[in-house]
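Chemist: These protein sequence lines are chains E and C, in that order. To convert, note that position 139 of the first sequence is 139 in this note's numbering; the numbers rise steadily by one, no gaps. Going from the second sequence to this note's numbering is simple: count from 1 and add 337. Ideal placement from N, C-alpha and C gives every residue a C-beta, glycine not left out. These numbers come from a predicted model, not from an experiment. Quick one: structure below, then a few questions.
2 protein chains.
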Amino acid sequence: MVKITDVARHAGVSPSTVSYALSGKRPISEETRRRVEESIRRLGYRPHAGARALASSRSNVLALVVPLRAGIHVPVVMQFAVSVVTAARLHDHDVLLLTQEEGEEGLRRVADTALVDALIVMDVQLHDPRLPLLRALDRPSVLIGFPAAPDGLTCIDLDFEAAGELCVERLAGLGHRVVALVGSPPEVYVRGTAFAQRVVRGFTAAADRNGLASSVHPCEASPAAARRIAERLLREQPALTGVVVHNEPLLEPLIDAFEQLGLRVPADLSVTAICPDELAGNLRVPVTSIAIPSAEVGGRAVDLLMRKLNGTPCPEATLLTPAMTERGSTAPRTLTS
Amino acid sequence: MVKITDVARHAGVSPSTVSYALSGKRPISEETRRRVEESIRRLGYRPHAGARALASSRSNVLALVVPLRAGIHVPVVMQFAVSVVTAARLHDHDVLLLTQEEGEEGLRRVADTALVDALIVMDVQLHDPRLPLLRALDRPSVLIGFPAAPDGLTCIDLDFEAAGELCVERLAGLGHRVVALVGSPPEVYVRGTAFAQRVVRGFTAAADRNGLASSVHPCEASPAAARRIAERLLREQPALTGVVVHNEPLLEPLIDAFEQLGLRVPADLSVTAICPDELAGNLRVPVTSIAIPSAEVGGRAVDLLMRKLNGTPCPEATLLTPAMTERGSTAPRTLTS
DNA sequence: TTCCCCCGTCGAAGCGCTTCGACGTCCCGC
DNA sequence: GCGGGACGTCGAAGCGCTTCGACGGGGGAA
Numbered sequence: 001m002v003k004i005t006d007v008a009r010h011a012g013v014s015p016s017t018v019s020y021a022l023s024g025k026r027p028i029s030e031e032t033r034r035r036v037e038e039s040i041r042r043l044g045y046r047p048h049a050g051a052r053a054l055a056s057s058r059s060n061v062l063a064l065v066v067p068l069r070a071g072i073h074v075p076v077v078m079q080f081a082v083s084v085v086t087a088a089r090l091h092d093h094d095v096l097l098l099t100q101e102e103g104e105e106g107l108r109r110v111a112d113t114a115l116v117d118a119l120i121v122m123d124v125q126l127h128d129p130r131l132p133l134l135r136a137l138d139r140p141s142v143l144i145g146f147p148a149a150p151d152g153l154t155c156i157d158l159d160f161e162a163a164g165e166l167c168v169e170r171l172a173g174l175g176h177r178v179v180a181l182v183g184s185p186p187e188v189y190v191r192g193t194a195f196a197q198r199v200v201r202g203f204t205a206a207a208d209r210n211g212l213a214s215s216v217h218p219c220e221a222s223p224a225a226a227r228r229i230a231e232r233l234l235r236e237q238p239a240l241t242g243v244v245v246h247n248e249p250l251l252e253p254l255i256d257a258f259e260q261l262g263l264r265v266p267a268d269l270s271v272t273a274i275c276p277d278e279l280a281g282n283l284r285v286p287v288t289s290i291a292i293p294s295a296e297v298g299g300r301a302v303d304l305l306m307r308k309l310n311g312t313p314c315p316e317a318t319l320l321t322p323a324m325t326e327r328g329s330t331a332p333r334t335l336t337s
Numbered sequence: 338m339v340k341i342t343d344v345a346r347h348a349g350v351s352p353s354t355v356s357y358a359l360s361g362k363r364p365i366s367e368e369t370r371r372r373v374e375e376s377i378r379r380l381g382y383r384p385h386a387g388a389r390a391l392a393s394s395r396s397n398v399l400a401l402v403v404p405l406r407a408g409i410h411v412p413v414v415m416q417f418a419v420s421v422v423t424a425a426r427l428h429d430h431d432v433l434l435l436t437q438e439e440g441e442e443g444l445r446r447v448a449d450t451a452l453v454d455a456l457i458v459m460d461v462q463l464h465d466p467r468l469p470l471l472r473a474l475d476r477p478s479v480l481i482g483f484p485a486a487p488d489g490l491t492c493i494d495l496d497f498e499a500a501g502e503l504c505v506e507r508l509a510g511l512g513h514r515v516v517a518l519v520g521s522p523p524e525v526y527v528r529g530t531a532f533a534q535r536v537v538r539g540f541t542a543a544a545d546r547n548g549l550a551s552s553v554h555p556c557e558a559s560p561a562a563a564r565r566i567a568e569r570l571l572r573e574q575p576a577l578t579g580v581v582v583h584n585e586p587l588l589e590p591l592i593d594a595f596e597q598l599g600l601r602v603p604a605d606l607s608v609t610a611i612c613p614d615e616l617a618g619n620l621r622v623p624v625t626s627i628a629i630p631s632a633e634v635g636g637r638a639v640d641l642l643m644r645k646l647n648g649t650p651c652p653e654a655t656l657l658t659p660a661m662t663e664r665g666s667t668a669p670r671t672l673t674s
């Protein structure tokens, strides 16, 4: 293994000079820097991560805690993860992958052993048991998602409440008077998943505000469940003409089910969804939707973390404004419908 | 921060004794060990990962390289990742997440900086450019997937060739004489994705061996493409009664397409697939399939890596035997069909 | 009884890097 | 012409841990 002293000798300088040339923490003459860089290339020098971490008390590694719970859409999680890794690399950091299964102990472990400098936590629950720990930890963290009491914690997410509202406003604007929200599986709500509940809140508030008849239906993600919920909606709300779907894998089977029951989208039924663009755009019936901007959220989460690590002030709460992409699954309510 | 000397003082022993008590690399009396453990708990001691890595030249971190290419099924990747993390934790290791985008430079970086002790590489291509590097690296690695020339590398995967064969044998055993393989998108084959090509090989070999008429069709994963491929198959092979699907997201739309064309599964058309059990079992029409045992592969990959790290001999090639689960999407060929 | 070896523990020497204080040199301002 | 910065570099002191060699004491074998 080639080490910093080897580089120093080869370049005819002291090890500390090599270190400063590398880190830029002290001025180094152009000439010396060039010699050092040349030696580094020639010798193929790579600083030892452990030694660096020990001496500088910075590991340049971030922890990313990914959820494995039922009812969350895996591709979205993966996109987050990838965007976090990509963004971290831009800041010369790596990413350690933790599963939620490890729980608080896992967080404490990687923080206390100084394995990581900072943490990103996904799938935050409204009353997440990890919150006190995250507040107490001596390392900065960013939550993807908003708990009920986010004070003292840095959070970022799509504004799901606004997203729920926006879906309803859209339908209301098209003249629809009876709408329904088909959401995630019941357990998602039961355990207090923040973003799911916020969609419900926004949906309900906007429906009330616009004087619409509305209902909310958690739903399992299976074709059979899609069928059942479609039948039930038509039975209970015969005048239904607008549906908001917040359940990725259910989107396609649900539309299939409605169509099999004789409803055409968008002629008889307008549908909007909150889901990744790739999903909404690649269905048999492309769906007007609000994107879940995983890549942007991941990237910005890393940026926030970097600011905290550098001591730069940064906002506690970041809510991304939802944007709706029209894909033709909504239409004005017709009198025949 | 509480360090090993603090523990030593508290327990009335030397730091090295604490270290040995922790690692078990030298005998420590029952009595002393207990005192040390007590002190550790009382003080909340956590060894500093960087210091440990520096002194022992072991970081206890594994690198996991995940693919982001088009045409690979994201949930499968995620399952691998999670099972790798879980298995690694059982061996007291953590997992660093790398994206394929980082390429060879990324592998070299984490290896040369001693950030990781070993590497797991997913989505290996037949002629993967990373192979020479992996061979040259001073850290052990395990590939998930088999390249064309796996010599000198440790590889593990489902035996996709046998899986392809098994699907055909099943159909042949039920009397089907004309079969088709609907595979992954063309680009997957073009870039030489090992597992995809192996399925084709097994499929073709078994079809020939059994004297079946067969055809192979790469296919995009969209409902429209499903529709097109279904129509084309019926046009070109009117006597078709057996289909093997190796394309997760296409499975459901393809069956839909066939049914819309008037074919009932399994009455008119027998379908088998190679895909995760969760997928096959949760379709509207459950499909008889060969599971992709992501969790097992991930776990065993970690085990292999641990053996290599410990110097224990371990097999170069591990091929998992495919197992088919019956779910009712296959039936004997009837004369009317 | 004597010798040897193993058990259990200690002290010290690093692992490879960063960082702090120090020091010479050069240049600017007065 | 001289004091004082800034600049550029060096040496040394750790960062917190593992590990090697050493050593005293006790027990078994001869």
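According to the Cβ coordinates, are G242(E) and P286(E) closer than 8 Å?
Modeler: No, these two residues do not count as a Cβ contact at 8 Å.
Chemist: Please look up how many angstroms separate the CB atoms of L68(E) and T99(E), rounded, as I've assumed it's under 8 Å.
Modeler: Right, the Cβ-Cβ distance comes to about 6 Å (below 8 Å), so this counts as a contact.
Chemist: Alpha carbon to alpha carbon, how far is A610(C) from H583(C)?
Modeler: A610(C) and H583(C): Cα-Cα distance of roughly 6 Å.
Chemist: Taking a contact to mean a Cβ-Cβ separation below 8 Å, would you say L399(C) touches V458(C) in this structure?
Modeler: The answer is no: Cβ separation not under 8 Å.
Chemist: Is any beta-carbon of chain C found at less than 8 Å from that of E101(E)?
Modeler: It does; some Cβ of chain C falls within 8 Å.
Chemist: H48(E) CB to nearest chain C CB: under 8 Å?
Modeler: Chain C, which has a Cβ nearer than 8 Å to the Cβ of H48(E), makes this yes.
Chemist: So, helix, strand or coil for T113(E), using DSSP?
Modeler: Residue state, collapsed to three classes: coil.
Chemist: Can you name the residues that DSSP bridges to M661(C)?
Modeler: Paired residues: I627(C).
Chemist: DSSP has C155(E) in a bridge; who is on the other side?
Modeler: DSSP output for C155(E) lists L143(E) and A317(E) as bridge partner(s).
Chemist: Compare the C-beta of L587(C) with all C-beta atoms of chain E and state if any pair is closer than 8 Å.
Modeler: No, L587(C) does not count as interfacial toward chain E.
Chemist: Locate the alpha helix (DSSP H) running through H10(E), then write down its first and last residues.
Modeler: Looking at the DSSP string, the run of the alpha helix (DSSP H) that includes H10(E) is I4 to A11.
Chemist: Determine the chain C residues that contact N210(E) at a beta-carbon separation under 8 Å, and present them in chain order.
Modeler: The premise fails here: N210(E) is roughly 33 Å from chain C at the closest Cβ pair, so nothing lies under 8 Å.
Chemist: Taking a Cβ distance cut-off of 7 Å, strictly less, list which residues of the region 221-252 of chain E are near chain C, in chain order.
Modeler: Listed in sequence order: S222 and P223.
Chemist: Secondary structure at S215(E), three-state DSSP: helix, strand or coil?
Modeler: S215(E): strand per DSSP, three-state reduction.
Chemist: DSSP on N247(E), reduced to helix/strand/coil?
Modeler: DSSP places N247(E) in coil when its eight states are reduced to three.
Chemist: Under 8 Å, Cβ to Cβ, is there at least one residue of chain C near M324(E)?
Modeler: M324(E) does not count as touching chain C.
Chemist: Starting from L570(C) and walking both ways along the beta strand (DSSP E), at which residues does that stretch end?
Modeler: That residue, L570(C), is in no beta strand (DSSP E); its alpha helix (DSSP H) goes P560 to E573.
Chemist: Between A163(E), R333(E), R201(E) and P313(E), which has its C-alpha nearest L240(E)'s C-alpha?
Modeler: It is R333(E).
Chemist: Going along the chain, which residues of the region 619-643 of chain C sit with their C-beta nearer than 8 Å to a C-beta in chain E?
Modeler: Going along the region 619-643 of chain C in chain order, one finds N619, L620 and R621 with a Cβ nearer than 8 Å to chain E.
Chemist: Specify the secondary structure class of G71(E) as computed by DSSP and reduced to three states.
Modeler: Correct three-state label for G71(E): coil.
Chemist: Considering only C-alpha positions, which residue in the set T17(E), V84(E) and A49(E) is nearest to G298(E)?
Modeler: Cα-wise, what sits closest to G298(E) is V84(E).
Chemist: DSSP three-state label for A301(E), please.
Modeler: If DSSP states are grouped into helix, strand and coil, A301(E) belongs with the helices.
Chemist: Select from the region 176-208 of chain E all residues with a C-beta closer than 9 Å to any C-beta belonging to chain C, and list them in chain order.
Modeler: From the region 176-208 of chain E, no residue has a Cβ closer than 9 Å to chain C.
Chemist: Taking T609(C) as part of the beta strand (DSSP E), name the residues at either end of that continuous run.
Modeler: Segment S607 to I611, the beta strand (DSSP E) holding T609(C).
Chemist: With the cut-off set at 8 Å, would you say E165(E) and A205(E) are in Cβ contact?
Modeler: Cβ distance < 8 Å, so E165(E) and A205(E) count as in contact.
Chemist: For a quick check, are the C-beta atoms of D6(E) and L43(E) less than 8 Å apart?
Modeler: Yes; because the gap between Cβ atoms is below 8 Å, this pair is in contact.
Chemist: Could you name the residues of chain C that T113(E) contacts, counting a contact when the two beta carbons are closer than 9 Å?
Modeler: Ordered by position in chain C, the residues that pass the 9 Å Cβ test against T113(E) are R383, P384, H385, A386, G387 and R389.
Chemist: Taking all protein chains shown into account, decide if Q597(C) is buried (16 or more other Cβ within 10 angstroms of its Cβ) or exposed.
Modeler: It counts as exposed.
Chemist: Can you check whether the CB of S626(C) is closer than 8 Å to the CB of A617(C)?
Modeler: Taking 8 Å as the Cβ cut-off, A617(C) and S626(C) qualify as a contacting pair.
Chemist: Using the C-alpha atoms, what's the distance from V199(E) back to E248(E)?
Modeler: Straight-line Cα distance between these residues: approximately 14 Å.
Chemist: Short check: CB of L480(C) to CB of I629(C), under 8 Å?
Modeler: No, they are not a contact pair.
Chemist: Under 8 Å Cβ-Cβ, which residues of chain C neighbour R35(E)?
Modeler: Within chain C, no residue comes near R35(E); the closest Cβ sits about 22 Å away, beyond 8 Å.
Chemist: Out of M661(C), T667(C) and D640(C), which one is the CA nearest neighbour of D429(C)?
Modeler: For D429(C), the nearest C-alpha among the options comes from D640(C).
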